[in-house]
Amino acid sequence: MDRTDEFVKVVRATHIPQQGRASFASPYIRAFEIDGVIEKTLSDVGKMLDKERVYESFALQSKIDRAWELVKEMREISGLEVRCRNDQEAASYASLNGMVRNRAARYHIRLKELVRKKDARSQAVSERRREFDSERPQEQQDVVLMESEVVTERVKERQRISMQISEIGQIMEEISMHISLQEESFKRIDDLMGTSDTLISGSLDLMRKTWENVSSTRPAIVRFVMFWMVLALVFWLLRR
Numbered sequence: 003m004d005r006t007d008e009f010v011k012v013v014r015a016t017h018i019p020q021q022g023r024a025s026f027a028s029p030y031i032r033a034f035e036i037d038g039v040i041e042k043t044l045s046d047v048g049k050m051l052d053k054e055r056v057y058e059s060f061a062l063q064s065k066i067d068r069a070w071e072l073v074k075e076m077r078e079i080s081g082l083e084v085r086c087r088n089d090q091e092a093a094s095y096a097s098l099n100g101m102v103r104n105r106a107a108r109y110h111i112r113l114k115e116l117v118r119k120k121d122a123r124s125q126a127v128s129e130r131r132r133e134f135d136s137e138r139p140q141e142q143q144d145v146v147l148m149e150s151e152v153v154t155e156r157v158k159e160r161q162r163i164s165m166q167i168s169e170i171g172q173i174m175e176e177i178s179m180h181i182s183l184q185e186e187s188f189k190r191i192d193d194l195m196g197t198s199d200t201l202i203s204g205s206l207d208l209m210r211k212t213w214e215n216v217s218s219t220r221p222a223i224v225r226f227v228m229f230w231m232v233l234a235l236v237f238w239l240l241r242r
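Each residue of the sequence shown is one higher than the last, beginning at 3 in the numbering used here.
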């Protein structure tokens, strides 16, 4: 018989009416919440076991573990010591403790039954797999072996392709590095050529200025040479 409504009424009537409005800080409110969660969780576990879906094993185990934790929490709540201000509160809490303990014990038993059912199903699945493996024809085993070898070869081929791609990437990186070095060398040559052009231009300017100076002093040199030649001729004539 479902006594949930009665359970809620007892929880809300924990304090005597003379105290005014009922207090909802009682730890048994949490026990009532846990009760609903456990009931739903166990129902879900039972449905999953009835469906016998192998791929739901992880979800099934997670729900079972969660249910164990909630049952443990219910037991801890039933073992709490509550300070009672009067006999009415003591009687109410005693009734609540008994109710919570009974529900926790019932859920514990249901959980054990579900776990046994799950283990039996897992064992049956394992046995069916072993029987299937033992009854499988040799030809099917050969096909499976060949498929496994094909998959292995594909994996090896992918690994070889990956290694080749990696090697090509390294080669491209080295080529890029060499190109960068060549660009630096060409840049240095351009800089040297620019410096040489500047030096050649300076030398040409110096030669031009020197030639201009020589050209400007040539008439004076000619006059000087002519003067000495005339002077030598006069001196020679006088001696004759």
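All C-beta atoms, glycine included, are put in the ideal place defined by N, C-alpha and C.
Euclidean distance between Cα positions of residue i and residue j
i: E149; j: E115; result: 42 Å
i: I111; j: A69; result: 12 Å
i: R160; j: M50; result: 41 Å
i: H17; j: S94; result: Confidence at H17 is low in this model, with a pLDDT of 44, below 50, so the placement of that residue should be treated as unreliable; the coordinate-derived value is given next. Rounded to the nearest angstrom, the two C-alpha atoms are 8 Å apart.
i: P221; j: M195; result: 40 Å
i: V227; j: K189; result: 55 Å
i: R241; j: M231; result: 16 Å
i: E328; j: S178; result: The structure shown does not extend to residue 328, since the chain is modelled only from 3 through 242, so no value can be given for it.
i: F229; j: T219; result: 16 Å
i: L183; j: S164; result: 29 Å
i: F237; j: D207; result: 45 Å
i: R32; j: L147; result: 57 Å
i: W213; j: I223; result: 15 Å
i: I173; j: E129; result: 56 Å
i: E186; j: T200; result: 21 Å
i: S273; j: K158; result: The structure shown does not extend to residue 273, since the chain is modelled only from 3 through 242, so no value can be given for it.
i: T197; j: I170; result: 41 Å
i: K211; j: D193; result: 27 Å
i: G38; j: P29; result: 15 Å
i: L235; j: N215; result: 31 Å
i: A24; j: S64; result: Only weak support is given to the placement of A24: the predicted model assigns it a pLDDT of 38, under 50, and the value that follows is read from those uncertain coordinates. The alpha-carbon atoms of A24 and S64 are separated by roughly 37 Å.
i: I191; j: E175; result: 24 Å
i: H180; j: R162; result: 27 Å
Contacting residues, own chain, Cβ-Cβ under 8 Å from residue i (five flanking each side not counted)
i: V73; result: I40, A106, Y109, H110, L113
i: I66; result: V47, L113, L116, V117, K120
i: L255; result: No answer is possible for residue 255: the residues shown for the chain start at 3 and end at 242.
i: L62; result: V47, M50, L51, K120
i: Q263; result: As displayed, the chain neither begins before 3 nor continues past 242, which places residue 263 out of reach and without an answer.
Neighbour flag for residue i against chain C, beta carbons, 7 Å
i: P29; result: Reference to chain C is not applicable here, since this structure consists of a single protein chain.
Cβ distance (whole Å) where residue i is taken to contact residue j below 8 Å
i: E75; j: I36; result: 6 Å
Nonlocal neighbours in the same chain, by C-beta distance under 7 Å from residue i, ignoring five residues either side
i: R103; result: S80
Chain-order list of residues whose beta-carbon lies under 6 Å from that of residue i (same chain, five-residue window excluded)
i: R225; result: none
The segment 120 to 133 in contact with the segment 97 to 112 per 3-pair CB rule at 8 Å: no
Cβ contact check for the segment 151 to 166 and the segment 80 to 95: 3 or more pairs under 8 Å: no
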